[in-house]
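Quick note on this note's numbering: the sequence shown kicks off at 46 and runs consecutively.
Ideal Cβ positions, reconstructed from N, Cα and C, are used throughout, including at glycine.
Just so we're clear, the structure is a prediction, and the values are computed from it rather than from any experiment.
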Amino acid sequence: MKAIIITLFFFVFNLFASQTLVFGAISTVNPEIMQKKLTPLMKEIEKTTHKRVVFQTGYNYADTINKFADGTFDIGYIGPIPYIKVKNQNKDALVLLAGIKNSKKSPFRSVIISKKGSKYLKYKDLKNTNFAFGSPNSTLSYYVPKYMLEKEKIDKDINRYYFMGRHDKVAQYVIMGRYAAGAVKQSVATKYAKYLQVIATSEPFVGFAIIANKKLDPKILKKLQHLFQNFHNIAALKKIKKSAIGFEERKDSQYNKLREIMKKVDGYK
């Protein structure tokens with residue numbers, strides 16, 4: 046009897062799994078907010094694939110990167126540096142389905158911020174201060190701003206760096222005066238603009254992408270490729286990013302500039 050129950054359990058489990066796609070994402074903001082942003086897109090995927098799509102993330106950036114690399118996620122929304130790190134862990138893990146195309150008015154940039162009204166207005170003002178980053182795996186809240194600080198030769202004059210985990214936490218702690226300055230993506234700097242001042246803004250970089258597990262059923266993969274090549278629900282896309290105007294083709298070579306920055310910042314290969 047016990048053997049029958051176990052067999053039945055695995056049958057039901059496998060049946061459920063075969064009818065479900067796991068959509069993974071790194072939570073640059075609160076996970077509940079991230080899920081809410083992505084839900085309209087997941088509904089579009091459900092309509093296209095006729096499968097239930099469930100949201101999942103990791104405990105942090107590193108755990109989520111591991112889940113992308115080991116195939117836990119079937120589909121996902123991923124930033125540039127995490128994408129590069131997943132490919133380095135498992136070069137055959139991902140298929141690039143499409144990139145998020147941003148309006149020219151709001152490109153994918155990093156912003157170094159300080160509290161509005163504070164004395165921290167320029168790079169030189171950051172000498173002997175404490176600085177807040179998001180995650181050590183973040184594009185716009187670590188690698189790009191750290192590279193900016195290094196270029197200005199101020200990085201070694203900063204007393205200490207702290208990692209907050211997420212962009213919104215960086216902004217909040219800077220506003221509270223816990224840290225003299227920090228680095229966030231442009232949309233977060235805009236969200237808290239009333240309380241912040243901008244020290245510097247980076248050049249634009251290649252942004253987030255939609256990826257698929259390379260081992261996904263080829264029929265499902267083909268349906269997904271068609272969906273993102275012919276995506277018309279811009280309202281769903283703007284739930285993810287207000288500045289998004291559509292999807293565009295994304296190639297692995299477009300990440301090479303960030304790969305060079307990673308090497309310069311911490312020798313990452």
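1. According to the Cβ coordinates, are I145 and A254 closer than 8 Å?
2. Just checking, does the segment 186-196 make contact with the segment 235-251 on the three C-beta pairs under 8 Å criterion?
3. Could you pull out every unbroken alpha helix (DSSP H) segment of at least 4 residues lying fully inside the segment 104-132, listed in chain order?
4. Is it buried or exposed for H212, if we count other Cβ within 10 angstroms and need 16 for buried?
5. Can you tell me whether DSSP reads R154 as helix, strand or coil?
6. So what does DSSP say about L141, is it helix, strand or coil?
7. Alpha carbons only, please: which of V140, A226, I203, N147 is nearest the one belonging to G179?
8. Using the C-alpha atoms, what's the distance from R205 back to V251?
9. Whole angstroms are fine: how far does the CA of A143 sit from the CA of E294?
10. Start and end of the alpha helix (DSSP H) containing Y218?
11. What's the C-alpha gap between P263 and I129?
12. Just to confirm before moving on: does the CB-CB distance between A228 and S163 stay below 8 Å?
13. For G69 versus T94, is the C-beta distance shorter than 8 Å?
14. Taking C-beta to C-beta, are Q101 and F118 nearer than 8 Å?
15. Using the beta-carbon count (16 or more within 10 Å), is L282 buried or exposed?
To lay it out plainly:
1. Yes.
2. A contact exists between the segment 186-196 and the segment 235-251.
3. For the segment 104-132, whole alpha helix (DSSP H) runs of length 4 or above, ordered along the chain, are 106-115.
4. H212 counts as buried, since no fewer than 16 other beta carbons sit within 10 angstroms of its beta carbon.
5. Coil at R154, not helix or strand.
6. Three-state result, L141: strand.
7. Scanning V140, A226, I203, N147 for the CA closest to the CA of G179 turns up A226.
8. So the two alpha carbons sit approximately 29 Å from each other.
9. E294 and A143: Cα-Cα distance of roughly 5 Å.
10. Y218 -> alpha helix (DSSP H) spans 212-220.
11. If you take the alpha carbons of P263 and I129, they lie about 24 Å apart.
12. Contact flag unset, no.
13. No.
14. The criterion of a C-beta distance shorter than 8 Å is satisfied by Q101 and F118.
15. Its Cβ being crowded by 16 or more others within 10 Å, L282 is buried.
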